[in-house]
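Structure record follows, encoded as structure tokens.
Number of protein chains: 2
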Amino acid sequence: MRIDATVLEDLARGCAVLGAGGGGDTYAGVLACRHAIALHGPVPVVDLDDLDDDAVVLPVGGIGAPTVSIEKVGNVVADGNLVRTYERVSGRRVGALMGSEIGGGNGLVAVMMAARLGLPVADADGMGRAFPEIPQVTMELAGVSPAPAVLADERGNVVVSWPADGAFAERIARVLSIEFGGDVLGTDYAMPASVARTATVRGSVSLAIRIGRALRSEDDPVGALLAAVAGRRLLGGKLVDVDRVVEDGFVRGAAGIEGLGDDRGRTLRVSIQNENLLATEDGRVRASTPDIITVLDTGTGAAVPTERLRYGQRVDVVAFACDPVWRTPAGLALAGPRHFGYDVDYVPFEALT
Amino acid sequence: MRIDATVLEDLARGCAVLGAGGGGDTYAGVLACRHAIALHGPVPVVDLDDLDDDAVVLPVGGIGAPTVSIEKVGNVVADGNLVRTYERVSGRRVGALMGSEIGGGNGLVAVMMAARLGLPVADADGMGRAFPEIPQVTMELAGVSPAPAVLADERGNVVVSWPADGAFAERIARVLSIEFGGDVLGTDYAMPASVARTATVRGSVSLAIRIGRALRSEDDPVGALLAAVAGRRLLGGKLVDVDRVVEDGFVRGAAGIEGLGDDRGRTLRVSIQNENLLATEDGRVRASTPDIITVLDTGTGAAVPTERLRYGQRVDVVAFACDPVWRTPAGLALAGPRHFGYDVDYVPFEALT
């Protein structure tokens, strides 16, 4: 499979849905990828089984508040520096790029970089969705080291770190992304393909493309999506309340959705920390992280990133299952509701009514 | 020359004087050096002329608020990581360590590390005093690159950066030193000895030791010091006002000294940003950065670091000349009074009455 300009549109729509509102807007990412593909040709997508065992799979992505990344289209200085510096300090050659997270614009960063650098993209990612923190990746659960982690910005700043642990990888990247203007390209948790085969979420690029295709349905895009991901509509209605701030490099807040049509009289509240993390109705949990909660534009079925939620929008809120590894005790400790400060136990969305 | 436990005491007293109140307290540094010298033996001091042309001279120091560094004695994890990581990413062997700044406790960091790592210390530094910001070094004036800059903390965190410029070297180190608890070991502006011979302040380790010896005078330590550095006493009196806060990783504030004895009726105000940067009397400048303004304990002649200034202390405030390179237009742009936000032109202290 290759990602050309047409497949790119499907991929981007799918990444937006998998992003659960986070991972950054896909708009600038589509522009940057389209430009890179026009210049350098389509990007090959490789299955991890087809890479040599010792080929390095390099997870990449943008780090920072998504509200800022909309304004900073990916740049050529940073991505060259990122891969070159990783290869220089590790002494290893990169065999394929991979999105640290498939969700949102970050699902496209690897494609843009791969086109420019002449590398393939692995059909996998580190989350199967988007999460706000660096160590919230399946590689952390698999015991892969985040080091050497590299950050690069558009001015030529390059920083490599060997963090004491995943939490310090997060702290280092967060303060530097703020210092570099709110957004920076980064790589961490690099590994050989032999490790990546069990340490990543496999097939997520293909899944995103399938989701994008389902959303092309003109009759009922939301219904087609729900069929594709075995998901559930939590509520259809109107955004009546958006409370959102950018602080410490994060988008935080909550949105209220008032039901319309069959859902009239009901209200859903979605809590946000870069991603949609918790959906409650009358104080009862309807779905929570690590399951994927996505707000869709009712007319087009397009996923709405948290930084674009606005009063009066007609939306459908849907939920579907995360990768099974996130439902294990270790996965929930890293990305369950309590990790984000919500005082609720995780229950798979399928078991909630 | 070798630095043993006796020479160490002189060196430390001299570093405190050259620190102009900054560079960190020498107390913890003396303890750490004494321990390292007891374990590994005296540290050889080498003249830059005696090093091979291509021997790398590695400037090292602690970065952070001096108030914090008092509480964090230099640690073994960080200094090994610092040198090893520099050698690994640069592919070059370190021939000698050098203090980034001779002033304060930072003048002792190179000695402590050199003892532990079995390296000599160069008889030179990057300031001839202490300054608060990373790029305020003679190497910056000489066009040496700060990259690769390395930071290491006691938990095992290691960060290497290739900053876009000296200002970014400062920003990266500052936010990370705060993130790592307010103090971190760092190296930057490494260079071969052939470059160091003209890009550093030569002989500053010897000078610090001479100053320390002068202060051993039992009759008149302050007078002996002034003779050794061709300095001037600005005022002798009592600290009546200390206004000091730690913010953004810096110690900021001002101290008021009321004259006693011959100086009765006069008042000196010393403005502080980690170092004593400006001394004024009745609104007129008596001395300013880059010249060295030091507050001495009247009884012992010991220099008082800015973070130890306290109400009621009997002190002599002295001024003496900085290295001539700081009095050039480029030197003043980097470290003159206007750089620090003081609205005064620099005049050499000898020309002020």
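Chains A and B, in that order, give the protein sequences.
Here the numbering used here is used: the first residue of the first sequence is 1, the next is one more, and so on.
Here the numbering used here is used: the first residue of the second sequence is 354, the next is one more, and so on.
Positions of the beta carbon are idealized from the N, C-alpha and C atoms, including for glycine.
Because the structure is a prediction, the values reported are computed rather than measured.
- What are the boundary residues of the beta strand (DSSP E) that includes I416 (chain B)? Working through the second sequence from its first residue, we reach residue 416 (chain B) at position 63. Start and end: 409-417.
- Between which two residues does the alpha helix (DSSP H) carrying T294 (chain A) extend? The residue labelled residue 294 (chain A) in the question sits at position 294 within the first sequence. That residue, T294 (chain A), is in no alpha helix (DSSP H); its beta strand (DSSP E) goes 292-297.
- Query: For A520 (chain B), which three-state DSSP category applies?
  - Reply: Start at 1 with the first residue of the second sequence, and residue 520 (chain B) comes out as number 167. The answer is helix: DSSP assigns A520 (chain B) an H, G or I state.
- Message: Quick check on I63 (chain A) - is its C-beta less than 8 Å from some C-beta in chain B?
- Response: Counting from one through the first sequence, the residue named residue 63 (chain A) turns up at place 63. Taking Cβ atoms only, chain B never reaches closer than 8 Å to I63 (chain A), which makes this a no.
- Distance between R667 (chain B) and D616 (chain B) (C-alpha atoms, nearest Å): Reading the second sequence from its first residue, position 263 is the one you call residue 616 (chain B). Reading the second sequence from its first residue, position 314 is the one you call residue 667 (chain B). If I take the Cα positions, the gap works out to 13 Å.
- Query: Using Cβ-Cβ distances below 9 Å, what residues of the region 154-188 of chain A are close to chain B?
  - Reply: R155, G156, N157, V158, V159, V160, S161, W162, P163, A164, D165, F168, R171, I172, R174, V175, L176, I178, E179, F180
- Message: In the DSSP output, what is A124 (chain A) paired with across the bridge?
- Response: To locate residue 124 (chain A), count along the first sequence from 1; it is residue 124. A124 (chain A) pairs with A:R202.
- Item | C-alpha gap between R527 (chain B) and G417 (chain B), whole angstroms | In the second sequence, the residue the question calls residue 527 (chain B) occupies position 174. In the second sequence, the residue the question calls residue 417 (chain B) occupies position 64. If you take the alpha carbons of R527 (chain B) and G417 (chain B), they lie about 7 Å apart.
- chain B contacts made by the region 78-91 of chain A, where a contact means CB separation under 9 Å: N81, T85, R88, V89
- Please list, in chain order, all residues of the same chain as A686 (chain B) whose beta carbon is under 8 Å from its beta carbon, the five residues on each side excluded. Translated into positions along the second sequence, residue 686 (chain B) becomes position 333. The beta carbon of A686 (chain B) sits closer than 8 Å to those of H692, all from its chain and outside the five residues before and after it, given in chain order.
- Message: Starting from G372 (chain B), trace the alpha helix (DSSP H) in both directions and tell me its first and last residue.
- Response: Residue numbering aside, residue 372 (chain B) sits at position 19 when the second sequence is read from its first letter. Looking at the DSSP string, G372 (chain B) is not in any alpha helix (DSSP H), and its letter there is neither H nor E.
- Message: Just to confirm, is the Cβ distance from S373 (chain A) to V137 (chain A) under 8 Å?
- Response: Since the first residue shown for chain A is 1 and the last is 353, residue 373 (chain A) is missing from the structure and cannot be characterised.
- Query: So what does G237 (chain A) bridge to, in DSSP terms?
  - Reply: Position 237 of the first sequence, counting from 1, holds the residue named residue 237 (chain A). Its beta-bridge partners are A:G259, A:V315.
- Item | Nearest candidate by alpha-carbon position, reference V599 (chain B), set B:D536, B:I646, B:R437 | What you label residue 599 (chain B) is simply residue 246 of the second sequence in a count that begins at 1. Among B:D536, B:I646, B:R437, the Cα nearest to that of V599 (chain B) belongs to B:D536.
- Task: Would you list the residues sitting across from Q626 (chain B) in a DSSP beta bridge?
- Result: The count along the second sequence starts at 1 and reaches residue 626 (chain B) at position 273. Paired residues: B:R605, B:E628.
- Would you call L392 (chain B) buried or exposed, if buried means 16 or more other Cβ atoms sit within 10 Å of its Cβ? What you label residue 392 (chain B) is simply residue 39 of the second sequence in a count that begins at 1. Label assigned to L392 (chain B): exposed.
- Indicate whether the contact test is met: 3 or more Cβ pairs, each with one atom in the region 8-18 of chain A and one in the region 92-109 of chain A, closer than 8 Å. yes
- Item | Euclidean distance between Cα positions of G23 (chain A) and V30 (chain A) | Walking along the first sequence from the start, residue 23 (chain A) turns up at place 23. Walking along the first sequence from the start, residue 30 (chain A) turns up at place 30. When rounded, the distance between both Cα atoms is 14 Å.
- Check whether L235 (chain A) and G259 (chain A) have beta carbons under 8 Å apart: The residue given as residue 235 (chain A) occupies position 235 in the first sequence. The residue given as residue 259 (chain A) occupies position 259 in the first sequence. Cβ atoms of L235 (chain A) and G259 (chain A): closer than 8 Å.
- Residue range of the unbroken alpha helix (DSSP H) whose run includes G460 (chain B): Mapped onto the second sequence, residue 460 (chain B) falls at position 107. Here the alpha helix (DSSP H) through G460 (chain B) covers 459-470.
- By the 10 Å Cβ neighbour count, where 16 or more other Cβ atoms means buried, how is E218 (chain A) classified, buried or exposed? Counted from its first residue, the first sequence places residue 218 (chain A) at position 218. Answer is exposed; the Cβ neighbour count stays below 16.
- Task: Alpha carbon to alpha carbon, how far is S443 (chain B) from V83 (chain A)? Give it in angstroms, no decimals.
- Result: Working through the first sequence from its first residue, we reach residue 83 (chain A) at position 83. Working through the second sequence from its first residue, we reach residue 443 (chain B) at position 90. Answer to the nearest angstrom: the Cα atoms are 17 Å apart.
- Query: Quick one: Cα of S557 (chain B) to Cα of A522 (chain B), how far?
  - Reply: Against the second sequence, residue 557 (chain B) aligns to sequence position 204. Against the second sequence, residue 522 (chain B) aligns to sequence position 169. Across the structure, S557 (chain B) and A522 (chain B) are spaced so that their CA atoms are roughly 24 Å apart.
- From which residue to which residue does the beta strand (DSSP E) around T540 (chain B) run? Taking the second sequence and counting its residues from 1, the one referred to as residue 540 (chain B) is at position 187. Looking at the DSSP string, the run of the beta strand (DSSP E) that includes T540 (chain B) is 536-540.
- Which term fits D125 (chain A), buried or exposed, when burial requires 16 or more other beta carbons within 10 angstroms of its beta carbon? Translated into positions along the first sequence, residue 125 (chain A) becomes position 125. Under this definition D125 (chain A) is a buried residue.
- Task: Use the C-beta contact count for G261 (chain A): other C-beta atoms within 10 angstroms, 16 or more gives buried, fewer gives exposed.
- Result: For this step, residue 261 (chain A) is matched to residue 261 along the first sequence. Burial call: exposed.
- Item | Within-8 Å CB hit, V421 (chain B) to chain A | Walking along the second sequence from the start, residue 421 (chain B) turns up at place 68. Because the pLDDT of V421 (chain B) is 44, which lies under 50, any placement of that residue in the model is unreliable, and the number read from its coordinates should be weighed accordingly. V421 (chain B) does not count as touching chain A.
- Tell me whether P397 (chain B) sits in a helix, a strand or coil according to DSSP, three-state version. Against the second sequence, residue 397 (chain B) aligns to sequence position 44. In this structure, DSSP gives P397 (chain B) an extended state, which the three-state scheme calls strand.
- Message: Measuring only the C-alpha atoms, how far is P305 (chain A) from V295 (chain A)?
- Response: Position 305 of the first sequence holds residue 305 (chain A). Position 295 of the first sequence holds residue 295 (chain A). If you take the alpha carbons of P305 (chain A) and V295 (chain A), they lie about 8 Å apart.
- What's the call for R13 (chain A), buried or exposed, on a 16-neighbour Cβ count within 10 Å? Here residue 13 (chain A) refers to the residue found at position 13 of the first sequence. Under this definition R13 (chain A) is a buried residue.
- Message: Quick check: the Cα distance between L411 (chain B) and G336 (chain A), rounded to an integer number of angstroms?
- Response: As a first step, residue 411 (chain B) must be located in the second sequence, where it is residue number 58. As a first step, residue 336 (chain A) must be located in the first sequence, where it is residue number 336. Taking the CA atoms as reference points, L411 (chain B) sits about 46 Å from G336 (chain A).
- Query: In whole angstroms, what separates the C-alpha of P146 (chain A) from that of E9 (chain A)?
  - Reply: The sequence position of residue 146 (chain A) within the first sequence is 146, counting from 1. The sequence position of residue 9 (chain A) within the first sequence is 9, counting from 1. Cα-Cα distance, rounded: 31 Å.
- Item | Three-state secondary structure (DSSP) of M354 (chain B) | Start at 1 with the first residue of the second sequence, and residue 354 (chain B) comes out as number 1. Correct three-state label for M354 (chain B): coil.
- Supposed close pair R482 (chain B), I645 (chain B) - CB separation, criterion 8 Å: As a working mapping, residue 482 (chain B) is identified with position 129 in the second sequence. As a working mapping, residue 645 (chain B) is identified with position 292 in the second sequence. The Cβ separation is near 5 Å, so the contact holds.
- Item | Closest Cα partner of T653 (chain B) within the set B:V575, B:P643, B:S624, B:I531 | On the second sequence, residue 653 (chain B) is found 300 positions in, with the first residue counted as 1. Of the candidates B:V575, B:P643, B:S624, B:I531, the one whose C-alpha sits nearest the C-alpha of T653 (chain B) is B:V575.
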